[in-house]
Structure formats: structure tokens, C-alpha cells
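*Asks:* Going line by line, the protein sequences match chains A and B.
Mapping of the first sequence onto the working numbering: position 160 corresponds to residue 160, and the numbering continues sequentially without gaps.
Mapping of the second sequence onto the working numbering: position 237 corresponds to residue 553, and the numbering continues sequentially without gaps.
C-beta atoms are modelled at their ideal positions from N, C-alpha and C, and glycine is treated no differently.
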Amino acid sequence: MEFFRIRRDIPFMKHALLLNAISSITFILAVFFLVTRGLHLSVEFTGGTVMEVAYEQPADLESVRKVVESLGYAEVPVQNFGSSRDVLLRLPAQAGKSSGQQSEELFAALKAQNSALELKRTEFVGPQVGQELVNNGLLALGLVIVGIMIYLAIRFEWKYAVSAIIANLHDVVIILGFFAFFQWEFSLAVLAAVLAVLGYSVNESVVIFDRIRESFRKHRKMTPVQVIDHAITSTISRTIITHGSTQIMVLSMLLFGGPTLYYFALALTIGICFGIYSSVFVAAAIAMWLGIRREDLIKPAKASGDPDDPNGGAVV
Amino acid sequence: MNRYPLWKYAIILVVLVISAIYALPNLFGEAPAVQVSPARATVKVDSATVTRVERALAEQSLKPDVIQLEGTSVRARFASTDDQLKARDAIDRALNPDPATPDHIVALNLVPRTPGWLAALHASPMYLGLDLRGGVHFMLQVDMAAALQRRVDVLTTDLRNALREKNIRHGGISRNGQAIELKVRDTATLNAATDLIRTQFPDLQVVTTPDGTDTRITANIRPEAARTVQDQALKQNITTLHNRINELGVAEPVIQQQGADRIVVQLPGVQDTAKAKDILGRTATLEVRLVDESTEGRAAEQGNGPVPFGSERYPERSGQAVIVKREVLLTGENLTDAQAGFDDTQQPAVHLTLDAKGSRIFRDVTRDNIGKRMAIILFEKGKGEVVTAPVIRTEIGGGRVQISGAMSTVEANDTALLLRAGSLAAPMEIVEERTIGPSLGAENIEKGFNSVIWGFVVIVAFMCIYYMVFGAFSSIALGFNLLLLVSVLSMLQATLTLPGIAAMALALGMAIDSNVLINERVREELRRGASPQVAINTGYDSAWATILDSNITSLIAGLALLIFGSGPVRGFAVVHCLGIVTSMFSSVFFSRGLVNLWYGRQKKLKTVSIGTVWRADGQTPAPKAD
Numbered sequence: 001m002e003f004f005r006i007r008r009d010i011p012f013m014k015h016a017l018l019l020n021a022i023s024s025i026t027f028i029l030a031v032f033f034l035v036t037r038g039l040h041l042s043v044e045f046t047g048g049t050v051m052e053v054a055y056e057q058p059a060d061l062e063s064v065r066k067v068v069e070s071l072g073y074a075e076v077p078v079q080n081f082g083s084s085r086d087v088l089l090r091l092p093a094q095a096g097k098s099s100g101q102q103s104e105e106l107f108a109a110l111k112a113q114n115s116a117l118e119l120k121r122t123e124f125v126g127p128q129v130g131q132e133l134v135n136n137g138l139l140a141l142g143l144v145i146v147g148i149m150i151y152l153a154i155r156f157e158w159k160y161a162v163s164a165i166i167a168n169l170h171d172v173v174i175i176l177g178f179f180a181f182f183q184w185e186f187s188l189a190v191l192a193a194v195l196a197v198l199g200y201s202v203n204e205s206v207v208i209f210d211r212i213r214e215s216f217r218k219h220r221k222m223t224p225v226q227v228i229d230h231a232i233t234s235t236i237s238r239t240i241i242t243h244g245s246t247q248i249m250v251l252s253m254l255l256f257g258g259p260t261l262y263y264f265a266l267a268l269t270i271g272i273c274f275g276i277y278s279s280v281f282v283a284a285a286i287a288m289w290l291g292i293r294r295e296d297l298i299k300p301a302k303a304s305g306d307p308d309d310p311n312g313g314a315v316v
Numbered sequence: 317m318n319r320y321p322l323w324k325y326a327i328i329l330v331v332l333v334i335s336a337i338y339a340l341p342n343l344f345g346e347a348p349a350v351q352v353s354p355a356r357a358t359v360k361v362d363s364a365t366v367t368r369v370e371r372a373l374a375e376q377s378l379k380p381d382v383i384q385l386e387g388t389s390v391r392a393r394f395a396s397t398d399d400q401l402k403a404r405d406a407i408d409r410a411l412n413p414d415p416a417t418p419d420h421i422v423a424l425n426l427v428p429r430t431p432g433w434l435a436a437l438h439a440s441p442m443y444l445g446l447d448l449r450g451g452v453h454f455m456l457q458v459d460m461a462a463a464l465q466r467r468v469d470v471l472t473t474d475l476r477n478a479l480r481e482k483n484i485r486h487g488g489i490s491r492n493g494q495a496i497e498l499k500v501r502d503t504a505t506l507n508a509a510t511d512l513i514r515t516q517f518p519d520l521q522v523v524t525t526p527d528g529t530d531t532r533i534t535a536n537i538r539p540e541a542a543r544t545v546q547d548q549a550l551k552q553n554i555t556t557l558h559n560r561i562n563e564l565g566v567a568e569p570v571i572q573q574q575g576a577d578r579i580v581v582q583l584p585g586v587q588d589t590a591k592a593k594d595i596l597g598r599t600a601t602l603e604v605r606l607v608d609e610s611t612e613g614r615a616a617e618q619g620n621g622p623v624p625f626g627s628e629r630y631p632e633r634s635g636q637a638v639i640v641k642r643e644v645l646l647t648g649e650n651l652t653d654a655q656a657g658f659d660d661t662q663q664p665a666v667h668l669t670l671d672a673k674g675s676r677i678f679r680d681v682t683r684d685n686i687g688k689r690m691a692i693i694l695f696e697k698g699k700g701e702v703v704t705a706p707v708i709r710t711e712i713g714g715g716r717v718q719i720s721g722a723m724s725t726v727e728a729n730d731t732a733l734l735l736r737a738g739s740l741a742a743p744m745e746i747v748e749e750r751t752i753g754p755s756l757g758a759e760n761i762e763k764g765f766n767s768v769i770w771g772f773v774v775i776v777a778f779m780c781i782y783y784m785v786f787g788a789f790s791s792i793a794l795g796f797n798l799l800l801l802v803s804v805l806s807m808l809q810a811t812l813t814l815p816g817i818a819a820m821a822l823a824l825g826m827a828i829d830s831n832v833l834i835n836e837r838v839r840e841e842l843r844r845g846a847s848p849q850v851a852i853n854t855g856y857d858s859a860w861a862t863i864l865d866s867n868i869t870s871l872i873a874g875l876a877l878l879i880f881g882s883g884p885v886r887g888f889a890v891v892h893c894l895g896i897v898t899s900m901f902s903s904v905f906f907s908r909g910l911v912n913l914w915y916g917r918q919k920k921l922k923t924v925s926i927g928t929v930w931r932a933d934g935q936t937p938a939p940k941a942d
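Shown next as C-alpha cells:
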């Protein structure tokens, strides 16, 4: 079986301007939603209490809400979680009461109203812990960016490092933009997914850059633009198949993983889809505009040198 | 060219066998068990306990599958929950003759059903995290400022006493925040005082500032000494928590330090958070009282009379009763430290340190009661036990108490531990709390498992259809990767959580990337008209550089998560990183081994089964002889 029967190199870079305009618009929209709507941070980041209870019958959210209001909580989100019988409640931290008291009081009140009730989980996070998690998350993001840039700069050249990072940060911002627009819950697991995506989609750029280097070496008559088109064309089948396979796994998590893994898988899905797009079109185009040349990658001495050179890429 | 030397196949075989063995215990699941652990710090569980448990079970003609001593607990495994419940009652009756004062905690537990021969190889299944088995998780923040303040209090008292002993006349000594302030009038005193601090108080560093006509000496605790204080405070709090959690009868509590000033407590299977919190947060349980030395009291101690009014009877460790007065002189709050050591005659002793208030009371009490006995009582589970009841030899001032005489080093250590266990070194506050119901845990396992299996099946199906035999090799390599990952996690005894399972699924999804890369490369070479053997060789070789690059960038992201992640993210990061490393082995080294074994032997290989090799000119590639 072969999905990709491509006769000639596809002139991707001819459309670079248009493709990048689309991605710039998406990016700007994502930033816009991030700024105006903000992220719906989970209790892990904000501090507070979350309670999940399961009723035997489909829950009547209105009456649950009344019970919660009778305890003096204004505007406590009450929502179904996973199924119509599971209810998720979020309590803000309340002065003078420990988290335990809060959740016990509420559970007792709910139980009084409807005794067919089971406590599935509670989670309390103190405000100082939440602040730390935000800081650590940002530090982790910073470390990933710096680490990947250094690696790519050593392995290829700074122009490639810059374009790969720009392309993939653009993915991250777009994922965040989706979470802001739909007000999906941004939890620690989603953060982990975002960082994993960052590492994963850089892969894609690496594969293409590898090909660019190889093509520079093999096809000495091609212009840089032709080289880029050739590299993308010859890797496109691999790109789509691997992303497809990873997406199969993620889809399986999305379908079978239940509500706990739902947003995690969702972040990965968006990341994978935009990952293909950005590493193929955005990273390569930025590299093109930064003016990559044959001479940047292939030092004359090295070109004819050691065939075992690990930096030499493919040798035919 | 596509041949592995024998040693490479040997490596593959060895890794395959080892990982199969260590991944195997995960298949056996868990069996119901009864776990016996000591209810109090003074009770020891050893091989004698095992014999008692065996006898108790034999009397009820219950046959455990396995019964063994593990650390400080005995576990008996049963075939059914029915037997387990019966056995619990039988063991409980046998080991705790008096239900009011149980010596042992007899708890229901689930233990891995690992066969003996696997257990002998130290192969055990992955430990399931709380989100998969249900339970409570607490994170407690230790108030280190309070711990330091206590230490400074002790130092202030010591310094005051030392100054008095040396006859250094000062204009007042006091604690100000975490510093000790001392006023002196003249230079001679100043020098004497600073000399004293320098020689006798190595933990303090001194700064002098003129204060009107006087000089003010400010002594601060040195940073390294402060660190020691904090370390000890944390350790003592962990010890105390251990003792308290024992009361809850949790089979496998996790109590560990996290960061510089936090303690994580995980209680699998516990649902009653209120009680757990109550017990974790309890305060002083140590009391110092005088022994009732009246004639009636002595008679009662011998068992020849009733306990006199105003006194109570508490058992000593040996079982001997001690009659003590009701009046509480000191509590554990006044005790800042207890350490085992030696006295002047090199006999084992326990050294106690009291805070300022405690020292004052203690001096008065000892002055008035020389020759009498004093009892130190530890209350556990509301039951008091006399830890020690020494005779007061002399007035003790300065807050440093030494208990010595007729004890071994082990006893001195035990006593010190018991005394320390009575109190927390510093107050703690719950900063994170999570309860997961058991049904949710089971649901999470099932969901995680389903995601991995379905994803795996679909990928395998696709690979086999699209790449034929090469796809099958890739699928076997992928399965091998899963096996390797599970066995490494089991060997490390890592805790598996739901994010960990998610990372496992993701690792598989990303591992197939390498094989797709290789297969596409091989196809490409064939398309160019290379002979099958050359195509395989070139395909693997040129894909390797790319695979390495892409895995390293993924690994950078994984390591960042490992360094900065906490809780669930850490579980994800560990599996993610390990998955990347194992995938490089399985999808490159192992799959090449399979290909070499299958195709490498054939000298005149005409075609390879890697699906359609489509060429733009519409011709099938002309295979060339190798």
C-alpha cells in the first residue's frame, strides 16, 4: 500500500507567504483569546478545593447548586464530570475553615439532601503550592526552549534553531489559545502535554532539517528553495504516517481514557495537528527567510571527510 | 551486510528474557492478605510473631498461601477474601488478647500475587499510585521558623546558665526573633562573653553593636547550624507521623520528605480523611508526672491495695505497674529534644533538652523532690505507658536532663525515640490534600489500560497492512518496547499513576515514529533501484541520525518535566523519559535484529516485503542481485 504517489517535488515554498499569513492570524487570535479570556486554571494552580461525587441516579444539578448556595458559597461551579451521575464542585478557599472542614460540611449537606451519594475524590491545594506550580511550569517551559535551541544550534546552525523554536512555540501558543477560547480546564496534566508536544514537534522540524542538509549535499545544483521543497516532499509521507500513528494512540486516550485524561489528550491532539503544519510550513519557511545556505551546514573540509562522522547525516 | 554478530543476538535474547521475567509479576494481580504490624513503638514484630500467626491460623484450620516477614510487618496471603476476613478475626484474637489495648495492628491489605520463584529474583510488580488504588494524599508544610525559634530558646537558656556559671555579669539577655540579644556594660565583660560564646556555643555567630553607653551583643544561629536544626525537625516530624499513622492501621503508608520543608503522606485505602487528619494533627502526648511514693501508693504498686485517690496506675514497658500522681508537671511541648548518648561514666543514657518554661518548672520540681521518682509517660491511642521512671538524684537546672542507669544502648535509643515521638518538632499545616475513592481508582486503571491496548492494536494493524513483513517486525519491536518499559518500571519499583499510563501510551505512539522513519527510508532506497540488502542497510543507517536527533529533543522536554514537575507530572515525566530510551533500543537495535535474522541470511534476496514500492515512472523497481 502507498498513500503518497508524488511525482514531482511539491513547490511548498511558493505558498510560504500565504501559509504563514494563515498561521500568523491563528497565532494572533490565540494571543487575543489568551489575553481577553485568560486560561481557566485548575485548582492545582489557583488553590482551593475540588470535590467529585457520584449519585446513583443522574444528578439534579439545580438542587445540588441550591445546597451549595445554602452553605454560603456564591457562584460555585457545579458541573457534570464524565457522566450525568458524576458531579464536580469547586470551592474557593475560605478563610477560617480548613479544607477538610469545607469538604466534609458540603458532603454532609449533600448527603442530607440525597443519601444515594458516594464521594469519589476531593482535592485541596493551598495557595502557596499553586503559585509554586505556576513558577515551576514556566521554568520547565524555559528549560525546554533553551535546551532544544542549544541542541539544534550545535547539531545544525543557529538559523535552524531559531526557526524550529519559533515554529513550535507558535504551536504552544495556539494550544493555549484553544484552551482559552473554549475555557477548557488547564491542569498540570495539560501542562505536561504541552511540553511533551513541544519536544515532539521539534522532532518534525529536525527530520526536515536533516533532509535539507542531506539534499544540500547530494543535489549541488538545486537552489535553497528547491532543496527545501525537495526535503519536505520526500519526508511528507513519513511525517503524516508517524503523526497519524501517534494520533491513533492519543485518540484512543481521548475515547477510552475517561474525563481525567480528556484534556490531556485534547491538548496533544491540537499539538500534533498544528505540529505537522508548523514544522513543515512555518519552520522551513522561516529558515528560508533567515537565508540558510549550503555553506552553513557543509564545511568544505567535512564534506569529503570522515564517513563515520555522526554529524555528517546520510552517506550514500 | 545485514548480519549481526552472535553477541548482538545474545544481547537481544538476554534483554528479552530479563525484561520478560521482571515484567511478569504485573500479570499476576493482587491477592487478599492480612498484614500484622506493631501498634505501638514498643512492640516488636519478628519471627516469633510469624509463629504466633501461623498457630492462630492453624487453630482455625485456615491455610494461607504464603506467610512471611517483611521489614516490620507480617503478611499472610489468602486465596479468597472470605478466608482473609476469617483470618483477620483469628489473628486479631490471638495477637490482641485485650481488645482495649491492642499490641498489633491487624489490617486487610492487597499484596501482589507474585509466585515464590519470581519473588526470589526480586521481581515484583509496579506499585500502583493513589489515583489507581484509592486513598488519601496529604502534603504538609513544616513551619521551620517555629523550629528555629525553639532552638534559639534553648540556646538562650543555655547561654544564660553558662554566663551565670562563669560569673559574667550582663545587663540582660533575651531572645529577639531568631537572635539572642545580650547587653554588657564594659569591655572586659564584652570580651569574656564573646569568648564564652565562641568556645562553648559553636552554633552561634556574634555581632557587637554599641548601644548608648553599653554594648549589645547579637548572637545569631549559624546558617549551617540552622540547616541541621531544620533537618532534624523534619526527621522528627516524620518519625512522629509514622507513629501516629500506625494507629490508623494502614497497610502501606508512604511518609516521605519533599523538598526542604515538606512532608508527603499517602495512605492507600483510607477513606476517612477526617480521622486521618485528626490523628496527623494531634499535639503533645508526652507527660511528666511524679510517682506516688506514699505508703498506699507503694502498696498499690505491689498489687496489695487500691490505687490511692489522686493517683493513677500506668504500666511500665516491662508490665510492672507504676502509680503516678494526676498532676501533670510537663508535657511533650516543653521537650525540645531527646537523644541517646553516654553519661560521665560511659554508661548509656538519654539526654533530654527542655525549653525555657520547662527548665524552670523542672528545676523547681527536682529541688523539692530529691530521692523520689519521676515518671515520663507516653500516651498512644489514649493509653498511657511509662517510658521511664528514674529517681531524682539532684536538683536539675538549665533544662538539660540526663536519664541513666541500668539500660543498654538499644534501650537508650528506644527511649529517646519514644520521647521524641511524643511531640512534633515544629508545627505543620496541610497545604495539599487529595482523596480518591476506590471505585474511581479501579475505573482509572481500566480506562488507562484500555487506551493503551486499543491504541496499540490499531497501530499494529495499520503497520502490518501498510508495511507488510516490515510492519510486523515494527509491531513486534513496539510490543518489545512495552515489555521493556514495564519491566524497567517494575525493576525501579516506580509508582504507576494515571499520567504514567498516559505517558506509556504516548511513548508507544512516539516509538513507532522511528520504525516509520526506517521503513520509509528503506522504501525510498528500493524506489531508487537499490538492491534489497543495500536498501535495508542504507535505510537503517541513514534513519539512525534522524532518530537520535528527534529522540534527544523529546528527551530534553521530558527531563525538564522531571526536574520541575511535581506530583502527577513527575509520574508522567519518568515514564516519558524511560519510554524514549527504551524505544531507541527496541525500534532500532531490536527491529534490525529481526530483519537481519529474517532477510540477512539470504544471499540472493530478490524482494523484501515492505508494502508497495511505488515509482513515478510506473515501473516496479528492478531488483538487482546483491
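Can residue 650 of chain B and residue 674 of chain B be called in contact, C-beta distance under 7 Å?
*Replies:* Position 334 of the second sequence, counting from 1, holds the residue named residue 650 of chain B. Position 358 of the second sequence, counting from 1, holds the residue named residue 674 of chain B. Yes, they are a contact pair.
*Asks:* Measure the alpha-carbon distance for residue 616 of chain B versus residue 669 of chain B and round it to whole angstroms.
*Replies:* Translated into the one-based positions of the second sequence, residue 616 of chain B becomes position 300. Translated into the one-based positions of the second sequence, residue 669 of chain B becomes position 353. For residue 616 of chain B and residue 669 of chain B, the distance between alpha carbons rounds to 32 Å.
*Asks:* Starting from residue 371 of chain B, trace the alpha helix (DSSP H) in both directions and tell me its first and last residue.
*Replies:* Counting from one through the second sequence, the residue named residue 371 of chain B turns up at place 55. First-last of the alpha helix (DSSP H) with residue 371 of chain B: 363-375.
*Asks:* CA-CA distance, residue 48 of chain A and residue 836 of chain B?
*Replies:* Position 48 of the first sequence, counted from the first residue, corresponds to residue 48 of chain A. Position 520 of the second sequence, counted from the first residue, corresponds to residue 836 of chain B. Distance between the alpha carbons of residue 48 of chain A and residue 836 of chain B: 51 Å.
*Asks:* Helix, strand or coil: how does DSSP classify residue 162 of chain A here?
*Replies:* Numbered from 1 along the first sequence, position 162 holds the residue referred to as residue 162 of chain A. In the structure shown, residue 162 of chain A sits in a helix (DSSP, three-state: H, G or I).
*Asks:* If I follow the unbroken beta strand (DSSP E) through residue 319 of chain A, where does it start and stop?
*Replies:* In the structure as shown, chain A begins at 1 and stops at 316. Residue 319 of chain A is therefore absent and cannot be evaluated.
*Asks:* Closer than 7 Å by beta-carbon distance: list the chain B residues that pair up with residue 210 of chain A, in chain order.
*Replies:* Taking the first residue of the first sequence as position 1, residue 210 of chain A is located at position 210. Correct list: 861, 862 and 865.
*Asks:* With 7 Å set as the bound, which would you pick, yes or no: does the beta-carbon of residue 246 of chain A sit closer than that to a beta-carbon of chain B?
*Replies:* The sequence position of residue 246 of chain A within the first sequence is 246, counting from 1. At least one chain B Cβ lies under 7 Å of residue 246 of chain A.
*Asks:* Give me the Cα-Cα distance between residue 613 of chain B and residue 731 of chain B, rounded to the nearest whole angstrom.
*Replies:* For the purposes of this step, residue 613 of chain B is taken as the residue at position 297 of the second sequence. For the purposes of this step, residue 731 of chain B is taken as the residue at position 415 of the second sequence. Between residue 613 of chain B and residue 731 of chain B, the C-alpha separation is close to 25 Å.
*Asks:* Can you give me the start and stop residues for the beta strand (DSSP E) that residue 66 of chain A sits inside?
*Replies:* Start at 1 with the first residue of the first sequence, and residue 66 of chain A comes out as number 66. Run containing residue 66 of chain A: none in the beta strand (DSSP E); it sits in the alpha helix (DSSP H), 61-70.
*Asks:* Cutting at 8 Å between CB atoms, please list the residues of its own chain near residue 881 of chain B, excluding the five before and the five after it.
*Replies:* Taking the first residue of the second sequence as 1, we reach residue 881 of chain B at position 565. These residues qualify, in order along the chain: 888 and 889.
*Asks:* Residue 410 of chain B and residue 368 of chain B look like a contact to me (Cβ under 8 Å); what is the Cβ gap, rounded to whole Å?
*Replies:* By one-based count along the second sequence, residue 410 of chain B stands at place 94. By one-based count along the second sequence, residue 368 of chain B stands at place 52. Confirmed, about 6 Å.
*Asks:* Can you tell me whether residue 372 of chain B is buried or exposed, with buried defined as 16 or more other CB within 10 angstroms of its CB?
*Replies:* Start at 1 with the first residue of the second sequence, and residue 372 of chain B comes out as number 56. That one is buried.
*Asks:* Anything in chain A within Cβ reach of residue 892 of chain B, meaning under 7 Å, just list it in chain order.
*Replies:* Residue mapping note: residue 892 of chain B aligns to position 576 of the second sequence, counting from 1. Per Cβ cutoff of 7 Å: 196.
*Asks:* For the stretch 738-751 of chain B, enumerate the residues whose C-beta is nearer than 9 Å to any C-beta of chain A, in chain order.
*Replies:* Flagged, chain order: 745, 746, 747, 748, 749, 750 and 751.
*Asks:* Report the start-end ranges of each alpha helix (DSSP H) in the stretch 18-48 of chain A that is 4 residues or longer and not cut off at the edges.
*Replies:* Entirely contained in the stretch 18-48 of chain A, the alpha helix (DSSP H) runs reaching 4 residues are, in chain order, 43-46.
*Asks:* Specify the secondary structure class of residue 667 of chain B as computed by DSSP and reduced to three states.
*Replies:* Along the second sequence, read from residue 1 onward, the residue named residue 667 of chain B stands at position 351. DSSP places residue 667 of chain B in strand when its eight states are reduced to three.
*Asks:* For residue 869 of chain B, go through chain A and note every residue whose CB falls closer than 7 Å to its CB, in chain order.
*Replies:* Taking the second sequence and counting its residues from 1, the one referred to as residue 869 of chain B is at position 553. Here the neighbours are 148, 151, 199, 202, 203 and 206.
*Asks:* Please compile the residues from chain A whose C-beta is within a distance smaller than 8 Å of the C-beta of residue 760 of chain B.
*Replies:* Taking the second sequence and counting its residues from 1, one reaches residue 760 of chain B at position 444. Going along chain A in sequence order, the residues near residue 760 of chain B (Cβ under 8 Å) are 258 and 260.
*Asks:* Kindly indicate which three-state DSSP category residue 820 of chain B falls into: helix, strand or coil?
*Replies:* If you number the second sequence from 1, residue 820 of chain B lands on position 504. Helix, per DSSP.
*Asks:* Quick one: is residue 895 of chain B near chain A, going by C-beta distance under 7 Å?
*Replies:* Locating residue 895 of chain B in the second sequence gives position 579, counting from the first residue. No, residue 895 of chain B does not count as interfacial toward chain A.
*Asks:* Quick one: Cα of residue 484 of chain B to Cα of residue 532 of chain B, how far?
*Replies:* For the purposes of this step, residue 484 of chain B is taken as residue 168 along the second sequence, with counting starting at 1. For the purposes of this step, residue 532 of chain B is taken as residue 216 along the second sequence, with counting starting at 1. Cα to Cα, residue 484 of chain B sits roughly 15 Å from residue 532 of chain B.
*Asks:* When you compare each of A/229, A/18, A/179 and A/226 to residue 31 of chain A by their alpha carbons, which one comes out closest?
*Replies:* As a working note, residue 31 of chain A is residue 31 in the first sequence. Among A/229, A/18, A/179 and A/226, the Cα nearest to that of residue 31 of chain A is on A/179.
*Asks:* For a quick check, are the C-beta atoms of residue 603 of chain B and residue 555 of chain B less than 7 Å apart?
*Replies:* Within the second sequence, numbered from 1, the residue matching residue 603 of chain B stands at position 287. Within the second sequence, numbered from 1, the residue matching residue 555 of chain B stands at position 239. No, they are not a contact pair.
*Asks:* With DSSP run on the structure shown, which of helix, strand or coil describes residue 752 of chain B?
*Replies:* As a working note, residue 752 of chain B is residue 436 in the second sequence. Residue 752 of chain B: strand per DSSP, three-state reduction.
*Asks:* Taking the alpha-carbon positions, what's the residue 205 of chain A to residue 814 of chain B distance?
*Replies:* Translated into the one-based positions of the first sequence, residue 205 of chain A becomes position 205. Translated into the one-based positions of the second sequence, residue 814 of chain B becomes position 498. In a straight line, the C-alpha of residue 205 of chain A is about 30 Å away from that of residue 814 of chain B.
*Asks:* Give me the Cα-Cα distance between residue 427 of chain B and residue 40 of chain A, rounded to the nearest whole angstrom.
*Replies:* Here the question's residue 427 of chain B lines up with position 111 in the second sequence. Here the question's residue 40 of chain A lines up with position 40 in the first sequence. If I take the Cα positions, the gap works out to 40 Å.
*Asks:* Going along the chain, which residues of its own chain have a beta-carbon closer than 6 Å to the beta-carbon of residue 702 of chain B, five neighbours each way excluded?
*Replies:* Taking the second sequence and counting its residues from 1, one reaches residue 702 of chain B at position 386. The answer, listed in chain order, is 630, 632, 638, 691 and 693.
*Asks:* Would you mind working out which of B/804, B/662 and B/761 sits nearest residue 753 of chain B, comparing C-alpha positions?
*Replies:* If you number the second sequence from 1, residue 753 of chain B lands on position 437. Of B/804, B/662 and B/761, the residue nearest in Cα terms is B/761.
*Asks:* Check whether the Cβ atoms of residue 652 of chain B and residue 466 of chain B lie closer than 7 Å to each other.
*Replies:* The count along the second sequence starts at 1 and reaches residue 652 of chain B at position 336. The count along the second sequence starts at 1 and reaches residue 466 of chain B at position 150. Contact: yes.
*Asks:* Could you work out which residue in B/399, B/900, B/898 and B/423 is closest to residue 408 of chain B when comparing CA atoms only?
*Replies:* Counting from 1 along the second sequence, the entry for residue 408 of chain B is found at position 92. Per the Cα distances, B/423.
*Asks:* Skipping 5 residues on each side, what residues in its chain have a beta carbon closer than 6 Å to that of residue 148 of chain A?
*Replies:* Locating residue 148 of chain A in the first sequence gives position 148, counting from the first residue. Contacts found: 202.
*Asks:* Just list the beta strand (DSSP E) runs in the stretch 511-584 of chain B, keeping only unbroken ones of 3 residues or longer that don't cross its boundaries, in chain order.
*Replies:* Here the runs fully enclosed are 520-527, 530-537, 570-574 and 578-584.
*Asks:* Name the DSSP bridge partner or partners of residue 88 of chain A?
*Replies:* Your numbering for residue 88 of chain A matches position 88 in the first sequence. Its beta-bridge partners are A/52 and A/79.
*Asks:* Grab me the residues of residue 29 of chain A's own chain with a C-beta within less than 7 Å of its C-beta, minus the 5 sequence neighbours each way, in chain order.
*Replies:* Working through the first sequence from its first residue, we reach residue 29 of chain A at position 29. Excluding sequence neighbours, residue 29 of chain A sits near 177.
*Asks:* Do three or more CB pairs link the stretch 430-442 of chain B to the stretch 739-747 of chain B at distances below 8 Å?
*Replies:* With a cut-off of 8 Å, the stretch 739-747 of chain B and the stretch 430-442 of chain B do not count as touching, because too few Cβ pairs lie within range.
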